[in-house]
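Residue numbers (my numbering): 2 to 180.
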C-alpha cells in the first residue's frame with residue numbers, strides 16, 4: 002500500500018547499503034517517470050555527500066568536485082568503482098553497462114502508472130516492454146565446475162497493485178519471483 006516506506010527501504014536504503022559495502026557494482030533504478038527516478042538519485046547523492054557516519058565508515062564515496070567521476074541528475078559514479086543510474090520506465094534498460102558490466106541490481110520502484118493499468122491493451126503493452134527489455138539488461142550467473150564465479154542480476158520490484166493483471170500482479174505470478 003501507499004505510504005508504507007517501500008521506496009525508503011527498498012530503493013534508497015538498499016542502494017546505499019549495496020554500494021557502500023560494494024556488494025553490487027551497477028544499480029539501475031527504474032521508475033514510471035524520470036522526475037521520480039531523478040529524485041532517487043538526488044536523495045542518494047545527498048546522503049553520500051552529507052552523511053558523516055557513512056563518510057567516517059567508508060571514506061568519501063562520492064566526489065562531485067572531481068570531473069573523472071560522473072555525477073549528474075541520473076548517474077552517480079562512486080569512488081569505490083560502483084555506479085548508480087536512474088531511468089524512467091519508458092527508457093530502455095537494454096545495452097546499459099558500466100565498466101563492461103550489466104546492472105547487477107535492478108530496482109523497479111513505482112514502475113507502472115495509472116495509465117499503464119487503465120485498459121487491457123495498456124497492461125499488455127507495459128508487460129511486453131518489460132519482458133522484451135529486461136532479458137537484454139540482466140547479466141546471467143556464471144558457473145564453473147558447479148561453482149558460481151559471477152552472480153546474476155538481482156531484480157527488486159516495489160509498487161502498488163492497481164489491477165489483477167497489472168505489471169506487479171503479473172510479476173507475482175511468475176515462479177522466479179519471491180515475496
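All C-beta atoms in this analysis are idealised placements derived from N, C-alpha and C, irrespective of residue type, glycine included.
Contact between the segment 70-88 and the segment 116-130: three or more CB pairs below 8 Å? A contact between stretches requires three or more CB pairs, one per stretch, nearer than 8 Å, and the segment 70-88 fails this requirement with the segment 116-130.
From residue 140 to residue 52, what distance separates their C-alpha atoms? Position 139 of the chain shown holds residue 140. Position 51 of the chain shown holds residue 52. C-alpha separation (whole angstroms): 32 Å.
I'd like the ranges of any alpha helix (DSSP H) spanning at least 4 consecutive residues and lying wholly in the segment 5-83. The qualifying runs are 15-21, 35-51 and 53-59.
With a threshold of 8 Å, are at least 3 pairs of Cβ atoms found where one atom belongs to the segment 129-145 and the other to the segment 81-94? Between the segment 129-145 and the segment 81-94 there are three or more C-beta pairs closer than 8 Å, enough to call the two in contact.
Span of the beta strand (DSSP E) holding residue 135? As a working note, residue 135 is residue 134 in the chain shown. Careful: residue 135 lies outside any beta strand (DSSP E), inside the alpha helix (DSSP H) at 121-135.
Buried versus exposed, by CB contacts within 10 Å (16 or more), residue 145: As a position in the chain shown, residue 145 is number 144, starting the count at 1. Exposed, since its Cβ has fewer than 16 Cβ neighbours within 10 Å.
Go ahead and pull the three-state DSSP assignment for residue 168. The count along the chain shown starts at 1 and reaches residue 168 at position 167. DSSP places residue 168 within a helical segment (H, G or I) once states are collapsed to three.
Look at the alpha carbon of residue 69 and the alpha carbon of residue 29, and state the distance between them as a whole number of angstroms. Locating residue 69 in the chain shown gives position 68, where the first residue counts as 1. Locating residue 29 in the chain shown gives position 28, where the first residue counts as 1. The straight-line gap from Cα to Cα measures roughly 21 Å.
Quick one: residues in its chain with C-beta nearer than 6 Å to the C-beta of residue 7, no 5 flanking neighbours on either side, listed in chain order? Numbered from its first residue, the chain shown carries residue 7 at position 6. Within the same chain, residue 7 has close Cβ partners 159.
Top-ranked residue by Cα proximity to residue 18, from 40, 59 and 36: Taking the chain shown and counting its residues from 1, the one referred to as residue 18 is at position 17. Selected option, being the one with the closest Cα: 59.
With H, G and I counted as helix, E and B as strand and the rest as coil, what does DSSP make of residue 1? For the chain, the structure presents residues 2 to 180; residue 1 sits outside this window and is missing.
Using the rule of at least 16 other Cβ atoms within 10 Å of the residue's Cβ for burial, across every protein chain shown, is residue 115 buried or exposed? Taking the chain shown and counting its residues from 1, the one referred to as residue 115 is at position 114. The residue is exposed, with fewer than 16 neighbouring Cβ atoms inside 10 Å.
Over the uninterrupted beta strand (DSSP E) stretch that includes residue 110, give me the two end residues. Stepping through the chain shown from its first residue, residue 110 is reached at position 109. According to the DSSP assignment, residue 110 belongs to the beta strand (DSSP E) that extends over 106-110.
Nearest by alpha-carbon distance to residue 23: which of 37, 36, 42 and 79 is it? Indexing the chain shown from 1 puts residue 23 at position 22. Out of 37, 36, 42 and 79, 79 has the C-alpha closest to the C-alpha of residue 23.
From residue 84 to residue 47, what distance separates their C-alpha atoms? Position 83 of the chain shown holds residue 84. Position 46 of the chain shown holds residue 47. Distance from the CA of residue 84 to the CA of residue 47, rounded to the nearest whole angstrom, comes to 15 Å.
Mind checking which residues open and close the beta strand (DSSP E) that includes residue 159? Taking the chain shown and counting its residues from 1, the one referred to as residue 159 is at position 158. Judged by DSSP secondary structure, residue 159 falls within the beta strand (DSSP E) whose first and last residues are 155-159.
So residue 111 and residue 37 are in contact, right, with Cβ under 8 Å, and what is the actual spacing, rounded? Here residue 111 corresponds to residue number 110 of the chain shown, with the count starting at 1. Here residue 37 corresponds to residue number 36 of the chain shown, with the count starting at 1. That pair is a contact at about 6 Å.
Member of 106, 66, 34 and 82 whose CA lies at the smallest distance from the CA of residue 15: Here residue 15 corresponds to residue number 14 of the chain shown, with the count starting at 1. Closest by alpha carbon: 106.
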